[in-house]
Amino acid sequence: MTKKIAIIGASGYTGAELIRLISSHPGMEIAALAANSKAGQTMDQVFPFLRHLDLPQLVTWEQIDFTQIDLCFCALPHKTSQEVISQLPGDMKIVDLSADFRLRDPQAYKKWYGNDHAAVEMQKEAVYGLTEFYRDEIKGARLVAGTGCNAATGQFSLRPLISAGVIGLDDIILDMKCAVSGAGRSLKENLLHAELSEGYNAYAVGGTHRHQGEFDQEFSLLAGRPVQIQFTPHLLPVNRGILSTGYVSGDAQAVHDTFAKAYADEPFIQVLPFGQTPSTHDVRGSNFVHIGVTGDRIQGRAIVVTALDNLCKGSSGQALQNANLMLGLGETEGLMMAPLFP
1 MTKKIAIIGA SGYTGAELIR LISSHPGMEI AALAANSKAG QTMDQVFPFL
51 RHLDLPQLVT WEQIDFTQID LCFCALPHKT SQEVISQLPG DMKIVDLSAD
101 FRLRDPQAYK KWYGNDHAAV EMQKEAVYGL TEFYRDEIKG ARLVAGTGCN
151 AATGQFSLRP LISAGVIGLD DIILDMKCAV SGAGRSLKEN LLHAELSEGY
201 NAYAVGGTHR HQGEFDQEFS LLAGRPVQIQ FTPHLLPVNR GILSTGYVSG
251 DAQAVHDTFA KAYADEPFIQ VLPFGQTPST HDVRGSNFVH IGVTGDRIQG
301 RAIVVTALDN LCKGSSGQAL QNANLMLGLG ETEGLMMAPL FP
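Following full-length UniProt numbering, the numbering of the sequence shown begins with 1 at its first residue and continues without gaps.
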């Protein structure tokens, strides 16, 4: 039976990406689309690239009849998301793409996002949505919290290595290059074409990026002790993609072997031959992750380069992968499209 899907926040980049993916999904039908600021408009007015699809008109989320919905994606900003989700039916399956349910500790949420959590009981219920590592929990979850796109990239780069104990934990560095779509669709002065193009800059320098909270939470849980990494993101004048370069202490061949073993059966994660590194071009528009490992001229150091599409595997593709599991569908359904190149 085809599952009926609602998307709240359909007028943003992640909402549009969800529509793009679900439109060719064999087991899902988009039954409701909400975007309060654009309610009453059609999707082709908001996103002309979707005009070939027969989609519901945009409404406010309060107008949706959730008794007819099997699963709801919530693609709203943090703080707004928790306010809306707390008012949805208590038995509704939800995949949240915001930051509101990623951090298990309410005090950690307040530290990184600047406000008290307004749905603490639901925060306790949420399952962290990094599919490859929380697959069993996601299958039985009612509420799944999608990861941050930078947080997902960094965790694909480091989780197997921390679990296997093949790298040092006190000198990990992640240098990450991020596409502008990761900042969302809202108008921001620094993202104007004249301000952004032909330039390249670091931001949230010194460990202030909010996704650092996810790194602290997940890596410390894995290691059984506090782990803090150095992480600096950089904004690139490109539309899609994240490229992470990780610097770790450990034997490079052992690092590569660990990845090869950990990801051998993962349909979306490709470990490149030793010495090769990926490009964001290799994964653009897809749900794939490419990971490369090389040694450094300094003995005992390894370099891990990871590429993924921030809007797909880093957000909406991951959300659909989780929804497939929650609805008892094939995990890869609607997600095996080849990357777009060039």
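The beta-carbon is built from N, C-alpha and C at its ideal position, and this holds for glycine as well.
Only a predicted model underlies this, so the values are computations on that prediction, with no experimental measurement involved.
For residue 311 against residue 80, the beta-carbon gap comes to about 19 Å, at or over 8 Å, which does not count as contact. Within the same chain, no residue comes within 7 Å of residue 140 by CB-CB distance, once the 5 residues on both sides are set aside. A direct Cα-to-Cα measurement between residue 191 and residue 103 gives close to 28 Å. Take the alpha-carbon of residue 50 and the one of residue 60: they are about 20 Å apart. Closest option to residue 228, judged by alpha-carbon separation, among 237, 236, 216, 239: 216.
A contact between stretches requires three or more CB pairs, one per stretch, nearer than 8 Å, and the region 164 to 179 fails this requirement with the region 282 to 290. For residue 29, the three-state secondary structure derived from DSSP is strand. Looking at the DSSP output, residue 301 sits in a beta bridge with 249.
According to the DSSP assignment, residue 193 belongs to the alpha helix (DSSP H) that extends over 193 to 196. CA-to-CA, the gap between residue 165 and residue 157 works out to about 14 Å. Put simply, the backbone Cα of residue 237 is about 21 Å away from that of residue 152. Here residue 306 is buried, its C-beta having at least 16 other C-beta atoms within 10 Å. Short of 7 Å from the beta carbon of residue 331, and not among the five residues preceding or following it, lie these beta carbons of its own chain, in chain order: 321, 324, 325. Judged by DSSP in its simplified three-state form, residue 131 adopts helix.
In this structure, 74 is the residue among 74, 23, 18 with its C-alpha nearest to the C-alpha of residue 36. Following the DSSP letters along the chain, one finds residue 292 inside the beta strand (DSSP E) bounded by residues 289 to 295. Annotation for residue 222: 159, 162, 163 place their beta carbon closer than 7 Å to its own, counting only its chain and skipping 5 residues before and after. About 11 Å separates the CB atoms of residue 303 and residue 250; that is not less than 8 Å, and the two are not in contact.
A Cβ-Cβ distance of about 19 Å is found for the pair residue 69 and residue 16, leaving them out of contact under the 8 Å criterion. In this chain, residue 50 is not harboured by any alpha helix (DSSP H), its DSSP state being neither H nor E. Secondary-structure assignment with DSSP links residue 175 through a beta bridge to 232, 245. Going by DSSP, residue 221 is part of the alpha helix (DSSP H) stretching over 212 to 223. Straight across, the Cα-Cα distance linking residue 95 with residue 39 is about 22 Å.
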